[in-house]
Amino acid sequence: MGLNPVLIIFLSSSLLIVLQNLDVANAVTCSGSFINGNSSYFQNRDNLFSTLASKVVANGGFYNASLGKSPNSVHALVLCKRGYERQECISCVEKVTQEIQTGCPNRMDSFKWDNDDGDHVNCLVRSSNHSTFKNFQLVPAVIFPNALTIEPSKDMTLFRQQWEATVNRTIEDAAEAETSSILKYYSAVEAEFTEFPNVYILMQCTPDITSRECKTCLEKCATYFTKQFWGRQGGEVSRPSCVFRWDLYAFHGAFDNVTRVPAPPGPQAQANGTFITDKKGKTTELKA
């Protein structure tokens, strides 16, 4: 018996996408209206995509553009991680645009935060038939949990207290706009917790949204992770307007300039040994 067309549409338009291995997690998120693959929309998209990699580095790591006339107009937004290297940013954007072209052959909306650790950088490419600039969007949400779980011997109560305190402070730091920087919403943290010597957290929002929107987006990412996959050894939640990731190993080359010192032993070390690199590159220690 075939599936009901309404059910097919519902399943394909799911707003929460759970991905549990790296190959699948690097898939593109497609949504929006279905259209014929021969539509001029896709020709416009291909033409616009061919310019994004060079334009984003020429504009400081963030770029938005549009091409064509409604209803076949294409809008795109592209972003690279703060501290990116020029060629790595270009390569990341080129790769993601190609993946969108292949993975979304008949859908108007798409986005992907690249999370391939081998790239030593992460980037976002987002496209739609409506404006993406200053268009705060929380859905779809993509959750990619680490396949490994934290050992039962760990003190999970203490770890969660330390994790949540550090995540909340990192959200505050990331959402505090640094108007002198194009990539103004960003924070990378290297922390030492009682149960783990190395905890790494990265957050970034697109710079076209407000500080409040950035904070909301990151808070929802952290909440999604704790509700869906608390107990895993890391994970990523991405949305069209922000990305949140934490792991027990460094990734994306984001922590090369973050200084960490050993935390004092015992419960009192809860917030000690945690450092945040601010938007000017200054590293500061979080106090309890």
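In mature numbering (1 follows the signal peptide of the UniProt record, and there is no 0), the protein residues as written are -27 to -1, 1 to 261.
Glycine included, every Cβ here is placed at the ideal spot set by N, Cα and C.
This structure is a prediction, so every number in the text was calculated from the model and none was measured.
Bounding residues of the alpha helix (DSSP H) (the contiguous stretch that carries residue i)
i: serine 144; result: One point to set straight first is that residue 144 is isoleucine, not serine, in the sequence displayed. Unbroken alpha helix (DSSP H) run through isoleucine 144: 129 to 148.
i: valine 30; result: 13 to 31
i: tyrosine 36; result: Unbroken run through tyrosine 36 is the beta strand (DSSP E), 35 to 40; no alpha helix (DSSP H).
i: leucine 191; result: 184 to 202
CB contact flag (residue i, residue j, <8 Å)
i: threonine 181; j: lysine 107; result: Reading off the sequence, residue 181 comes out as aspartate, not threonine. Contact: yes.
i: phenylalanine 166; j: glutamine 135; result: yes
i: cysteine 187; j: valine 210; result: no
i: arginine 212; j: alanine 147; result: no
i: glycine 34; j: cysteine 62; result: yes
i: leucine 95; j: lysine 42; result: Looking at the sequence itself, residue 95 is asparagine, so the reference to leucine does not match. The answer is no: Cβ separation not under 8 Å.
i: serine 12; j: asparagine 45; result: yes
i: tryptophan 219; j: isoleucine 174; result: yes
i: isoleucine 116; j: tyrosine 222; result: no
i: threonine 179; j: leucine 97; result: yes
i: threonine 70; j: leucine 121; result: no
i: serine 160; j: methionine 176; result: yes
i: leucine 21; j: leucine 52; result: no
Assumed close pair residue i, residue j - CB separation to whole angstroms, cut-off 8 Å
i: serine 27; j: methionine 81; result: Actually they are not in contact, since the Cβ atoms of serine 27 and methionine 81 sit about 24 Å apart, beyond 8 Å.
i: valine 172; j: isoleucine 73; result: About 32 Å separates the two Cβ atoms, so there is no contact after all.
i: glutamate 145; j: serine 184; result: Not confirmed; about 10 Å, so no contact.
i: phenylalanine 228; j: glutamate 168; result: That pair is no contact at about 19 Å.
Residue i: first and last residue of the uninterrupted beta strand (DSSP E) it sits in
i: threonine 167; result: It is not in any beta strand (DSSP E) - threonine 167 carries neither H nor E in the DSSP assignment.
i: glycine 76; result: It is not in any beta strand (DSSP E) - glycine 76 instead sits in the alpha helix (DSSP H) that spans 59 to 76.
i: valine 228; result: Per the sequence shown, the amino acid found at residue 228 is phenylalanine instead of valine. No beta strand (DSSP E) contains phenylalanine 228, which DSSP labels as neither H nor E.
i: aspartate 220; result: 215 to 220
i: alanine 223; result: That residue, alanine 223, is in no beta strand (DSSP E); it is neither H nor E in DSSP.
i: histidine 48; result: 47 to 53
i: isoleucine 116; result: 114 to 118
i: serine 126; result: No beta strand (DSSP E) holds serine 126; DSSP gives it neither H nor E.
i: tyrosine 158; result: Note, tyrosine 158: premise wrong, no beta strand (DSSP E); not H, not E.
For residue j and residue i, the rounded distance between their alpha carbons
i: threonine 139; j: glycine 207; result: 14 Å
i: arginine 205; j: aspartate 89; result: 19 Å
i: leucine 50; j: arginine 99; result: 5 Å
i: histidine 48; j: asparagine 79; result: 16 Å
i: phenylalanine 132; j: cysteine 215; result: 25 Å
i: serine 64; j: tyrosine 36; result: 15 Å
i: serine 101; j: proline 125; result: 44 Å
i: leucine 191; j: valine 231; result: 21 Å
i: glutamate 58; j: threonine 199; result: 32 Å
i: cysteine 77; j: aspartate 128; result: 43 Å
i: valine 29; j: glutamine 60; result: 11 Å
i: threonine 31; j: threonine 143; result: Here the sequence assigns alanine to residue 31, which means threonine is not the residue at that position. Taking the straight line from one Cα to the other gives about 29 Å.
i: glutamate 137; j: threonine 130; result: 11 Å
i: isoleucine 123; j: tyrosine 158; result: 30 Å
i: phenylalanine 109; j: leucine 156; result: 16 Å
Cβ of residue i within 8 Å of any chain D Cβ
i: lysine 28; result: The question asks about chain D, but that chain is absent: this structure has only one protein chain.
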